[in-house]
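**Student:** Numbering-wise, the UniProt record's numbering puts 183 at position 183 of the sequence shown, and it's gapless, one number per residue. Glycine included, C-beta positions come from ideal geometry on N, C-alpha and C.
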Amino acid sequence: EGDDVDGSTQGPAKDVQISTDSSKQTLKIFDGSDGVKRNQFRLISVPRIAKNEEVVEAALRAYYINDDQQEYELQTFTQQALLSDDVINRNDAAEDSNLGSVFRESVPEAWIIRAKPKDEEAECLQNFRLVEVLMGGKQVQRMVLDSQKLILNRLEDIKKISIRQMNQTRFYIVENSKSTVQVNVFVGGLPPQLSPEEYMNILKDELAIKTERIYMLVKDTTINDKPLNAVVIPEVMASKIPQNCWPLLVFVNPKSGGLKGRDLLYCFRKLLNPHQVFELTNGGPLPGFHMFSKVPSFRVLVCGGDGTVGWVLGALEEIRHKLVCSEPSVAILPLGTGNDLGRVLRWGAGYSGEDPYSILISVDEADDVLMDRWTILLDAEEPAEGAENGMAEPEPPKIVQMNNYCGLGIDAELSLDFHHAREEEPGKFNS
1 EGDDVDGSTQ GPAKDVQIST DSSKQTLKIF DGSDGVKRNQ FRLISVPRIA KNEEVVEAAL
61 RAYYINDDQQ EYELQTFTQQ ALLSDDVINR NDAAEDSNLG SVFRESVPEA WIIRAKPKDE
121 EAECLQNFRL VEVLMGGKQV QRMVLDSQKL ILNRLEDIKK ISIRQMNQTR FYIVENSKST
181 VQVNVFVGGL PPQLSPEEYM NILKDELAIK TERIYMLVKD TTINDKPLNA VVIPEVMASK
241 IPQNCWPLLV FVNPKSGGLK GRDLLYCFRK LLNPHQVFEL TNGGPLPGFH MFSKVPSFRV
301 LVCGGDGTVG WVLGALEEIR HKLVCSEPSV AILPLGTGND LGRVLRWGAG YSGEDPYSIL
361 ISVDEADDVL MDRWTILLDA EEPAEGAENG MAEPEPPKIV QMNNYCGLGI DAELSLDFHH
421 AREEEPGKFN S
C-alpha cells in the first residue's frame with residue numbers, strides 16, 4: 001500500500017501527464033474496483049509506441065504481480081466504471097482489447113487493471129495441489145503439502161520454529177502438471193584443474209546415492225578438507241523466450257552495503273522470478289551463469305562493491321566460452337565503500353535506498369558502453385639450480401583480470417603529490 005497514490009484531490013479527467021522524455025507517457029493504473037472506489041492508483045511510465053501487452057506487463061509490475069499477462073486486461077477509466085457494481089464482467093472496453101497499440105491521438109490518462117473473466121468450470125480437486133513456498137534468504141524453497149494437511153496447523157508448526165519464517169511463507173494452489181521437470185544440481189568446491197573423468201569419479205565415489213538425497217548429502221561432504229556446496233538450478237527453456245527479450249540475471253552480495261544487500265535480495269525475488277536472483281554467498285556466480293548458459297540474450301545486474309563486481313566478471317571470463325550469449329551487458333548497483341567502478345560507469349556513488357523497481361527500469365534503459373578490461377598471464381620464474389633431485393616442480397601460470405579506468409578525486413591528488421615528490425628527490429623512491 002505504501003506505493004499507492006491517493007488521488008482524492010485529483011480529478012480523473014485531467015490532461016495526460018507527459019514524462020520528461022517526450023517518447024514516454026505516464027499513466028495512472030487503478031487496481032480493479034477497490035482502487036477505483038478509494039481513488040488510489042500507481043503511476044507507470046511507458047513508451048508512446050508500446051503495445052497493449054507491454055503496458056499490461058508494466059501495470060502488473062507496478063503492483064508486484066508476477067503472473068501471465070494474458071490473464072489480465074486494461075480498461076479505460078470512465079465515469080461508468082465508478083457507477084457499475086458488476087465491473088469485473090463489463091465488456092465496455094472490448095473495442096480496445098484488440099488494438100495493436102495503447103496510444104492513439106487521444107489517450108485516457110487513467111486505466112484499470114483487471115483479471116479477464118473466465119468461464120465457470122467444475123474442477124476436480126485431484127487436479128490441484130497445495131504448495132508451500134518459503135522466500136528465504138539463501139534461496140526459494142518449495143514443498144508440496146499433503147492433501148490432508150490443514151494450512152492453519154502447518155502455520156502453527158512454522159510459527160513454533162520461527163516467526164520470521166512464518167512471515168516469509170506463502171501458500172499457492174497449483175494445477176498438477178503432467179510434464180517431467182529436469183532439475184540440475186550445481187556442485188561447487190571441487191578441486192581445480194582435474195579432467196572430466198576425475199570429476200565424474202569423485203562424484204560417483206562420494207555421492208553414489210539416489211538423486212533426491214544428493215542435495216542434502218553435499219552439505220556434509222568434504223573433498224581435500226574443503227566443504228562442497230550445492231545449488232538447485234531449474235531448467236530454462238530457451239526456445240520459449242520471445243525474440244528481442246533480454247532476461248535479467250541478478251547477483252546480490254548480502255554482506256555488502258551494511259547488509260542492505262539482503263534487503264535487496266528479498267525485494268528482487270518478489271519483483272522478478274526468484275530463480276533468476278542469486279545470492280553470491282551461496283555458491284558464487286557460476287550457478288547463475290550455468291542456468292543462463294542456453295539463453296541467447298540476457299543482461300546481468302551485480303549488487304555489491306567493486307570486489308563483488310570483479311568476482312562476477314572473473315567468473316564470466318571463465319565460463320563465457322560455454323555461454324550462448326558470451327558477452328552479456330553488466331549493470332552495477334554499488335553497495336561497497338569506494339564504488340570507483342560504479343562511479344566511472346555512472347551508476348552512482350552508492351545505493352541510497354531507491355525503489356528496487358526503479359533500479360530495474362534504469363537497467364532496462366541503460367546504454368551499453370565498452371570497458372577497457374585486460375586478461376594478464378603471469379608465468380612463474382625459472383626454477384633455481386640445485387633444487388631437490390635436480391628437478392623442481394614448476395609453478396603453474398597465473399591468470400588475472402584487470403579493469404583499466406581513470407579515477408578523479410582524492411586518489412588522483414595523492415598520486416600527483418607522490419609523482420612531484422619523486423621528481424624532486426628520486427633517490428628516495430628506488431625500488
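1) Identify whether Met371 lies in helix, strand or coil by the three-state DSSP scheme.
2) With 16 other CB atoms within 10 Å as the buried threshold, where does Tyr351 fall?
3) Between the Cα of Gly32 and those of Pro47, Leu286, Arg48, Leu60, spot the shortest distance and give me the residue it belongs to.
4) In whole angstroms, what is the alpha-carbon distance linking Ala50 and Ser326?
5) Arg269 to Met135, Cα distance in whole Å?
6) Decide if the region 231-239 is in contact with the region 250-259; the criterion is three or more beta carbon pairs, one per stretch, under 8 angstroms apart.
7) Does the structure place the region 337-345 close enough to the region 244-252 that three or more beta carbon pairs sit under 8 angstroms?
8) Among Met371, Glu423, Phe289, which residue has its Cα nearest to the Cα of Val344?
9) Distance, Cα to Cα, Arg154 vs Leu271?
10) Can you tell me whether DSSP reads Glu425 as helix, strand or coil?
11) Going by DSSP, what residue range makes up the alpha helix (DSSP H) through Ile319?
12) Which stretch, first to last residue, makes up the beta strand (DSSP E) that contains Gln165?
13) Would you check if the region 34-47 and the region 60-77 touch, i.e. whether three or more CB-CB distances between them fall below 8 angstroms?
14) Measuring straight from C-alpha to C-alpha, what distance separates Gln10 and Leu27?
15) Where does Arg38 sit, in a helix, a strand or coil, going by DSSP?
16) In chain order, what residues of the same chain lie with their CB nearer than 8 angstroms to the CB of Ile223, ignoring the 5 residues before and after it?
17) Okay, do the region 309-320 and the region 276-292 touch, 3+ Cβ pairs below 8 angstroms being the bar?
18) Are Arg129 and Asn66 closer than 9 angstroms when you measure CB to CB?
19) Between which two residues does the alpha helix (DSSP H) containing Val58 stretch?
**Tutor:** Reading off the structure:
1) Three-state result, Met371: coil.
2) Residue environment analysis places Tyr351 among the buried positions, since at least 16 neighbouring C-beta atoms fall within 10 angstroms of its C-beta.
3) The shortest C-alpha to C-alpha distance from Gly32 to any of Pro47, Leu286, Arg48, Leu60 is the one to Leu60.
4) Separation of Ala50 and Ser326 (C-alpha to C-alpha, rounded to the nearest whole angstrom) is 29 angstroms.
5) One Cα belongs to Arg269, the other to Met135, and the distance between them is close to 8 angstroms.
6) Below 8 angstroms, too few C-beta pairs join the region 231-239 and the region 250-259 to call them touching: fewer than three.
7) Touching, no, given that fewer than three Cβ pairs across the two stretches are closer than 8 angstroms.
8) Minimum Cα distance to Val344 is reached at Met371.
9) Using only the alpha carbons, I get a separation of about 26 angstroms.
10) Glu425 falls in the coil class under three-state DSSP.
11) Under the DSSP assignment, Ile319 falls in the alpha helix (DSSP H) whose first and last residues are 306-319.
12) Not the beta strand (DSSP E): Gln165 falls in the alpha helix (DSSP H), residues 163-167.
13) With a cut-off of 8 angstroms, the region 34-47 and the region 60-77 count as touching, because enough Cβ pairs lie within range.
14) Confidence at Gln10 is low in this model, with a pLDDT of 49, below 50, so its placement is unreliable and no value can be given for it.
15) Three-state DSSP puts Arg38 in a helix.
16) These residues qualify, in order along the chain: Gly189, Leu190, Pro191, Ile202, Glu206.
17) Counting Cβ pairs under 8 angstroms, three or more are found: they touch.
18) Asn66 sits away from Arg129, with the two beta carbons spaced by 9 angstroms or more.
19) Correcting the residue identity first, residue 58 is Ala in this sequence and not Val. Judged by DSSP secondary structure, Ala58 falls within the alpha helix (DSSP H) whose first and last residues are 52-62.
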